[in-house]
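Peer 1: Shown below is the structure under consideration.
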Amino acid sequence: MSAATRMSNADAAWLHMDRPTNLMVINSVLLFDEQVDLARLTDTVQHRLVDRYPRFRRRVVESRLPLLPPSWEDDPDFALHHHIHHLALPAPGDKGTLKELVGDLMATPLDRSRPLWNLYLVDGLGEGCAVICRMHHCIADGIALGRVMLSLTDSSRRGRVGGEEPPAQAVEGMGRTRFTGGLPDPISTLATPVETLATPLVGGVSAGVKAGRALARQGLHVAAHPRHAGALAGAVARDAGTLVKLVLTPTDAASAIKGEPGISRRVTWTHPISLKLVKRIAHAHGATVNDVLLAGVSGALRHYLQDRGGATPEIQALVPFNLRPLEEPVPRELGNRFGLVFLPLPVGTSGSYRRLVAVSRRMDAIKSSREGPVSYGILGAIGLTPVGVERRVVDMFSGKGTAVMTNVPGPRKTVYLAGVPVKTVLFWGPTSGHVGMSVAIFSYRGEVTVGLMVDAKLVPHPDEIVDGLEAELGTLARIPATAHTTGRAHKRPAQAAEAR
Numbered sequence: 382m383s384a385a386t387r388m389s390n391a392d393a394a395w396l397h398m399d400r401p402t403n404l405m406v407i408n409s410v411l412l413f414d415e416q417v418d419l420a421r422l423t424d425t426v427q428h429r430l431v432d433r434y435p436r437f438r439r440r441v442v443e444s445r446l447p448l449l450p451p452s453w454e455d456d457p458d459f460a461l462h463h464h465i466h467h468l469a470l471p472a473p474g475d476k477g478t479l480k481e482l483v484g485d486l487m488a489t490p491l492d493r494s495r496p497l498w499n500l501y502l503v504d505g506l507g508e509g510c511a512v513i514c515r516m517h518h519c520i521a522d523g524i525a526l527g528r529v530m531l532s533l534t535d536s537s538r539r540g541r542v543g544g545e546e547p548p549a550q551a552v553e554g555m556g557r558t559r560f561t562g563g564l565p566d567p568i569s570t571l572a573t574p575v576e577t578l579a580t581p582l583v584g585g586v587s588a589g590v591k592a593g594r595a596l597a598r599q600g601l602h603v604a605a606h607p608r609h610a611g612a613l614a615g616a617v618a619r620d621a622g623t624l625v626k627l628v629l630t631p632t633d634a635a636s637a638i639k640g641e642p643g644i645s646r647r648v649t650w651t652h653p654i655s656l657k658l659v660k661r662i663a664h665a666h667g668a669t670v671n672d673v674l675l676a677g678v679s680g681a682l683r684h685y686l687q688d689r690g691g692a693t694p695e696i697q698a699l700v701p702f703n704l705r706p707l708e709e710p711v712p713r714e715l716g717n718r719f720g721l722v723f724l725p726l727p728v729g730t731s732g733s734y735r736r737l738v739a740v741s742r743r744m745d746a747i748k749s750s751r752e753g754p755v756s757y758g759i760l761g762a763i764g765l766t767p768v769g770v771e772r773r774v775v776d777m778f779s780g781k782g783t784a785v786m787t788n789v790p791g792p793r794k795t796v797y798l799a800g801v802p803v804k805t806v807l808f809w810g811p812t813s814g815h816v817g818m819s820v821a822i823f824s825y826r827g828e829v830t831v832g833l834m835v836d837a838k839l840v841p842h843p844d845e846i847v848d849g850l851e852a853e854l855g856t857l858a859r860i861p862a863t864a865h866t867t868g869r870a871h872k873r874p875a876q877a878a879e880a881r
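Below, the structure written as structure tokens:
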């Protein structure tokens, strides 16, 4: 039996965010046109998930001492049949029935006495099936878990159960790629070493002891390298300003999509959207794939609110900012390595083209900011606080936003799970505090699918938002190309001046 290992402060923060109305569980669904064999699936999970990554056979044990994070300990009763379940989808076995099942599972807490994950093989989806996977956020962030799930798959039907993990470059580059003829520039950038030194200082606002240790280390570094002193001072000043900005970001007002969440969840997703089409729209207007899709979401939310007679103010989206280099293998110990940034969605802006320009400019501002690393430092700091204090801080930050928006790149070509081709991949990131909506973008084999998870009480008809998103993309596709330089659209064609 392996020795217990202490959970990181950031992972502990995600563990303690759990509450009945918002479970910190990342949910994903894989759809198939054929039946997946349970025995082969189980063997694959054993060899490629449980044997490779210790957290999938370890449970969480809370510390008996105050302010110390929980530990990962081997589950003495671990058995795969506790985590892999075989279900039959009730009649009529269609998309609607699957949506209901996924929504019901989302409202079900994971068993804290066992490792925090479950997998369901669901038969009866027409001639095919579905695999539903639920993993607690304290195990790892969405990017890491997406790559872990990818490691279960093969490039052909003949893959071996104990095969190697696919290379990192097998994923589709969607993040911050600008269509300017150069190489992709993904948003998943790491801070420079000197800048990274400032991050613990932000955590020190709430955790003096930790910051004291960090300051001692930084003092030694500056003594050894005096030329870094000025850069460090500048980084600390920038991070302090960023922290103030995050704290002072105003709270979104209550609306038809924001309020006190209940327990029930509803999910839906778009039809597969051609990635080539979305890239064409992005190229025509000097934007990115991510800009186009977020502009479409903004328009869909605007129309949804308008149809209910409500105001259409700008709303804040919480956007995960990846801090893990995609070219490196996922570490065996997994964990969370990302921050959250606030993206004001231009729901209050009329005109599809204007919304695209607004999203593009705001994403550019986020890319050059320090919000991602600083918010990661905040997560680590609140992981050191008592649970009651932590929840108040989480409520303060999450109350500022209305939705979580996540973009995870997937494989460019068809992959196979247990010898069966994967047709569609869906996932939904969790929402914390008082946020009741999660929007997740996933690219796979030249197509994009946008999944939507909502609070059933606040948004009883989420398909209306999905339909609006698809209509928005159709509108953007019809707007003539704009003149742009250095990847930025700046001239609005008259044809794009529609009222909504």
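Each residue of the sequence shown is one higher than the last, beginning at 382 in the numbering used here.
For every residue, glycine included, the Cβ atom is placed at its ideal position computed from N, Cα and C.
Under a Cβ-count criterion, where at least 16 other Cβ atoms within 10 Å of its own Cβ denotes burial, should P642 be classed as buried or exposed?
Peer 2: Locating residue 642 in the sequence shown gives position 261, counting from the first residue. By the neighbour-count rule (16 or more Cβ atoms within 10 Å), P642 is buried.
Peer 1: Can you name, in chain order, every residue of its own chain whose Cβ lies under 6 Å from the Cβ of T795, other than the five neighbours on each side?
Peer 2: For this step, residue 795 is matched to residue 414 along the sequence shown. P802 and R826.
Peer 1: Can you grab the Cα-Cα spacing for the pair T425 / S537, in whole Å?
Peer 2: Taking the first residue of the sequence shown as 1, we reach residue 425 at position 44. Taking the first residue of the sequence shown as 1, we reach residue 537 at position 156. Between T425 and S537, the C-alpha separation is close to 14 Å.
Peer 1: Are R661 and S532 closer than 8 Å when you measure CB to CB?
Peer 2: Counted from its first residue, the sequence shown places residue 661 at position 280. Counted from its first residue, the sequence shown places residue 532 at position 151. Result no, Cβ atoms of R661 and S532 do not sit closer than 8 Å.
Peer 1: Which residues in the same chain have their Cβ closer than 6 Å to the Cβ of L699, if we skip the five residues on either side of it in sequence?
Peer 2: Taking the first residue of the sequence shown as position 1, residue 699 is located at position 318. These residues qualify, in order along the chain: L721, G782 and V785.
Peer 1: For A391, report the span of its alpha helix (DSSP H) as first-last.
Peer 2: Within the sequence shown, residue 391 is the residue found at index 10, counting from 1. That run of the alpha helix (DSSP H) goes N390 to H397.
Peer 1: On the DSSP letters alone, give me the boundaries of the beta strand (DSSP E) that G509 sits inside.
Peer 2: Looking up residue 509 in the sequence shown gives position 128. G509 to H517 is the extent of the beta strand (DSSP E) around G509.
Peer 1: Quick check on M388: buried or exposed, where buried means 16 or more other Cβ atoms within 10 Å of its Cβ?
Peer 2: Position 7 of the sequence shown, counted from the start, is the residue given in the question as residue 388. Buried, by the Cβ-count rule.
Peer 1: State yes or no: is the C-beta of V806 within less than 8 Å of the C-beta of F823?
Peer 2: Locating residue 806 in the sequence shown gives position 425, counting from the first residue. Locating residue 823 in the sequence shown gives position 442, counting from the first residue. Contact flag set, yes.
Peer 1: Since I465 is in the beta strand (DSSP E), which residue starts that stretch and which ends it?
Peer 2: Position 84 of the sequence shown, counted from the first residue, corresponds to residue 465. Here the beta strand (DSSP E) through I465 covers I465 to A469.
Peer 1: Using C-beta distances below 8 Å, list every residue in its chain close to V512, excluding the 5 sequence neighbours before and after it, in chain order.
Peer 2: Counting from one through the sequence shown, the residue named residue 512 turns up at place 131. Closer than 8 Å at Cβ, skipping near neighbours: V410, L411, F413, V417, L422, L500, Y501, L502, V503 and L798.
Peer 1: Express the C-alpha separation of D458 and A665 in angstroms, rounding to a whole number.
Peer 2: Residue 665 sits at position 284 when you count from the first residue of the sequence shown. Residue 458 sits at position 77 when you count from the first residue of the sequence shown. So the two alpha carbons sit approximately 57 Å from each other.
Peer 1: Using the rule of at least 16 other Cβ atoms within 10 Å of the residue's Cβ for burial, across every protein chain shown, is H397 buried or exposed?
Peer 2: Along the sequence shown, one-based indexing puts residue 397 at 16. H397 comes out buried.
Peer 1: Only counting the same chain, and skipping five residues up and downstream in sequence, which positions put a Cβ closer than 6 Å to that of K838?
Peer 2: Taking the sequence shown and counting its residues from 1, one reaches residue 838 at position 457. Counting only Cβ-Cβ distances below 6 Å, and skipping sequence neighbours, we find G643.
Peer 1: V648 to R742, Cα distance in whole Å?
Peer 2: Within the sequence shown, the letter at position 267 stands for residue 648. Within the sequence shown, the letter at position 361 stands for residue 742. Each residue's alpha carbon lies about 30 Å from the other.
Peer 1: Report yes or no: do the segment 474 to 489 and the segment 434 to 450 share at least 3 C-beta pairs separated by less than 8 Å?
Peer 2: Because the criterion of three Cβ pairs below 8 Å is not met, the segment 474 to 489 and the segment 434 to 450 do not touch.
Peer 1: Quick one: does V740 have its CB under 8 Å from some CB of chain B?
Peer 2: Annotation note: the requested chain B is absent from the structure, which comprises a single protein chain.
Peer 1: If I follow the unbroken beta strand (DSSP E) through I822, where does it start and stop?
Peer 2: As a first step, residue 822 must be located in the sequence shown, where it is residue number 441. Here the beta strand (DSSP E) through I822 covers M818 to Y825.
Peer 1: Please report how far the alpha carbon of V820 lies from the alpha carbon of S383, in whole angstroms.
Peer 2: For the purposes of this step, residue 820 is identified with residue 439 of the sequence shown, where counting begins at 1. For the purposes of this step, residue 383 is identified with residue 2 of the sequence shown, where counting begins at 1. Approximately 38 Å between the Cα atoms of the pair.
Peer 1: Report all residues from its chain with a CB closer than 7 Å to the CB of C510; omit the five preceding and five following residues, and keep chain order.
Peer 2: By 1-based counting over the sequence shown, the position of residue 510 is 129. Cβ neighbours of C510 beyond the five flanking positions: F413, Q416, V417, L502, V503 and D504.
Peer 1: Roughly how many angstroms separate the alpha carbons of N403 and T812, rounded to a whole number?
Peer 2: Your numbering for residue 403 matches position 22 in the sequence shown. Your numbering for residue 812 matches position 431 in the sequence shown. In a straight line, the C-alpha of N403 is about 6 Å away from that of T812.
Peer 1: Classify V789 as helix, strand or coil using the three-state DSSP reduction.
Peer 2: The sequence position of residue 789 within the sequence shown is 408, counting from 1. The answer is strand: DSSP assigns V789 an E or B state.
Peer 1: According to DSSP, is S383 part of a helix, a strand, or is it coil?
Peer 2: What you label residue 383 is simply residue 2 of the sequence shown in a count that begins at 1. Residue state, collapsed to three classes: coil.
Peer 1: When the Cα of G507 is compared with those of D522, P471 and T863, which residue comes out closest?
Peer 2: Mapped onto the sequence shown, residue 507 falls at position 126. Of the listed residues, the one whose Cα sits closest to G507 is P471.
Peer 1: Tell me the rounded alpha-carbon separation between I407 and G791.
Peer 2: Taking the sequence shown and counting its residues from 1, one reaches residue 407 at position 26. Taking the sequence shown and counting its residues from 1, one reaches residue 791 at position 410. Near 16 Å, if we compare the C-alpha coordinates of G791 and I407.
Peer 1: Is V803 helix, strand or coil when you go by DSSP?
Peer 2: For the purposes of this step, residue 803 is taken as residue 422 along the sequence shown, with counting starting at 1. V803: coil per DSSP, three-state reduction.
Peer 1: Using only alpha-carbon positions, find the residue among I696, L675 and G677 that is nearest to K324.
Peer 2: Residue 324 is absent from the model: the chain starts at 382 and stops at 881.
Peer 1: In whole angstroms, what is the alpha-carbon distance linking A739 and T651?
Peer 2: To locate residue 739, count along the sequence shown from 1; it is residue 358. To locate residue 651, count along the sequence shown from 1; it is residue 270. Between A739 and T651, the C-alpha separation is close to 24 Å.
Peer 1: Just list the alpha helix (DSSP H) runs in the segment 655 to 695, keeping only unbroken ones of 4 residues or longer that don't cross its boundaries, in chain order.
Peer 2: 656 to 665 and 670 to 688, all fully within the segment 655 to 695.
Peer 1: Round the Cβ separation of L674 and V829 to the nearest angstrom and send it over; I've been treating them as touching at under 8 Å.
Peer 2: Counting from 1 along the sequence shown, the entry for residue 674 is found at position 293. Counting from 1 along the sequence shown, the entry for residue 829 is found at position 448. Sure, about 7 Å apart at Cβ, within 8 Å.
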